[in-house]
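Visitor:
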Amino acid sequence: MRRHIESIRVTEDQRRSSAMTVGPVQEPVSVDELRQHLRIETRDEDDYLAGLIQAAREMVETDTRRALCTQTRVLRLDDFPWGIELDRIPVQSISSIKYYDLLNTQQTLDSSQYDYDLAEVPPIVVESHTATWPATYERVGAVEVTFVCGHTSISAVPGMAKQAILRLAAGWYSTREAEVVGTISTALKLSYDSLIGRLKWGDYR
């Protein structure tokens, strides 16, 4: 399969969209950790801190194109390319590949019809040796790849990602009157960029 995958040219200019359909049940940084980081002694603002952690985690995931905790995503394409590049790492499994056939009826592709290498960066899905991609109806999002991604345990989340989340959340907490959650001051940006720089990969969203 390795030789087959390496021989595939991936279509680069095809329109694609990606969305999370099932979010993480646990954040990579706990409220207790953020409270300790901020040296807060009371629990009065725990709900607010939890919201900051979620926003920071989402920002880190978007900027690095990584999934930090287990989640389910759907990648939609207008047709089958020669090789399907998944847009998040790490990927745990492929749940399904669905497509709209020539009668505009959604079908589920049998798993025997495709191979994949989830350890690659980016993870890639290709047609198997004995199969070819089916013809699809001409429509937006004719192909849907559902996959599970993210680290299987909090301990496996990179330390730099955790620190980036803590610093983002702490920065927003400290300057909440002056800044909007989701934006970064110049000083915070320098610290944040230095942490996530080595976690980034790829050149498309």
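So the sequence shown is residues 579 to 783, counted in the numbering used here.
Every residue gets a Cβ at the ideal spot worked out from N, C-alpha and C, and that includes glycine.
(1) By a C-beta neighbour count over all protein chains shown, 10 Å radius and 16 as the cutoff for buried, is Asp665 buried or exposed?
(2) Verify whether the separation of the beta carbon atoms of Lys767 and Val607 is less than 8 Å.
(3) Starting from the N-terminal side, write out each stretch of the beta strand (DSSP E) that is 3 residues or longer and does not extend beyond the segment 654-712.
(4) Name the DSSP bridge partner or partners of Glu636?
(5) Taking the alpha-carbon positions, what's the Arg783 to Leu653 distance?
(6) Starting from the Cα of Arg594, find the closest Cα among Asp657, Ala633, Asp693 and give me that residue.
(7) Among Thr730, Gln592, Tyr751, which one has its Cα closest to the Cα of Ile662?
(8) DSSP three-state label for Asp771, please.
(9) With a threshold of 8 Å on Cβ separation, who are the neighbours of Ile667 within its own chain once the five nearest residues in sequence on each side are excluded?
(10) Roughly how far, in whole angstroms, is the beta-carbon of Ile743 from the beta-carbon of Arg635, given that I think they are within contact range, below 8 Å?
(11) Here's the rule I'm using: 16 or more other beta-carbon atoms within 10 Å means buried, otherwise exposed. How should Arg651 be labelled?
(12) For a test of the three-state rule: what should DSSP assign to Arg613, helix, strand or coil?
(13) Sorted by chain position, which residues of the same chain lie with C-beta nearer than 8 Å to Tyr677's C-beta, five sequence neighbours on each side aside?
(14) Would you call Glu619 buried or exposed, if buried means 16 or more other Cβ atoms sit within 10 Å of its Cβ?
(15) Please look up how many angstroms separate the CB atoms of Val600 and Ile631, rounded, as I've assumed it's under 8 Å.
(16) Going by DSSP, which residues form a beta bridge with Gln649?
Guide: The structure says:
(1) Here residue 665 refers to the residue found at position 87 when the sequence shown is read from its first residue. Sixteen is the threshold: when 16 or more other Cβ atoms of the shown chains lie within 10 Å of the Cβ of Asp665, as they do, the residue is buried.
(2) As a first step, residue 767 is located in the sequence shown; it is residue number 189 there, counting from the start. As a first step, residue 607 is located in the sequence shown; it is residue number 29 there, counting from the start. No, these two residues do not count as a Cβ contact at 8 Å.
(3) List check, beta strand (DSSP E) in window: 661-663, 669-678, 684-686, 692-695, 702-705.
(4) As a working mapping, residue 636 is identified with position 58 in the sequence shown. According to DSSP, which records beta bridges pairwise, Glu636 is partnered with nothing at all.
(5) Here residue 783 is taken as the residue at index 205 of the sequence shown, counted from 1. Here residue 653 is taken as the residue at index 75 of the sequence shown, counted from 1. Unreliable placement is indicated for Arg783, whose pLDDT of 44 sits below 50; no coordinate value is reported for it.
(6) One-based indexing of the sequence shown puts residue 594 at position 16. Per the Cα distances, Asp657.
(7) Taking the first residue of the sequence shown as 1, we reach residue 662 at position 84. Here the closest residue by C-alpha is Gln592.
(8) Here residue 771 corresponds to residue number 193 of the sequence shown, with the count starting at 1. Helix, per DSSP.
(9) Locating residue 667 in the sequence shown gives position 89, where the first residue counts as 1. Cβ contact annotation for Ile667 (same chain, cutoff 8 Å, sequence separation greater than five): Arg643, Arg644, Ala645, Val699, Pro700, Pro701, Cys727, Trp779, in chain order.
(10) Your numbering for residue 743 matches position 165 in the sequence shown. Your numbering for residue 635 matches position 57 in the sequence shown. With 8 Å as the limit, Ile743 and Arg635 qualify as a contact, their Cβ atoms being about 5 Å apart.
(11) Locating residue 651 in the sequence shown gives position 73, where the first residue counts as 1. Classification of Arg651: buried, given that the 10 Å Cβ count is 16 or more.
(12) The residue given as residue 613 occupies position 35 in the sequence shown. Residue state, collapsed to three classes: helix.
(13) For the purposes of this step, residue 677 is taken as residue 99 along the sequence shown, with counting starting at 1. These residues qualify, in order along the chain: Phe658, Gln684, Gln685, Leu687, Pro712, Thr714, Ala720, Val721, Glu722.
(14) Your numbering for residue 619 matches position 41 in the sequence shown. Burial state of Glu619 is exposed, judged by a 10 Å Cβ sphere holding fewer than 16 other Cβ atoms.
(15) Translated into the one-based positions of the sequence shown, residue 600 becomes position 22. Translated into the one-based positions of the sequence shown, residue 631 becomes position 53. With 8 Å as the limit, Val600 and Ile631 do not qualify as a contact, their Cβ atoms being about 18 Å apart.
(16) The count along the sequence shown starts at 1 and reaches residue 649 at position 71. The partner list for Gln649 (beta bridge, DSSP) reads Cys727.
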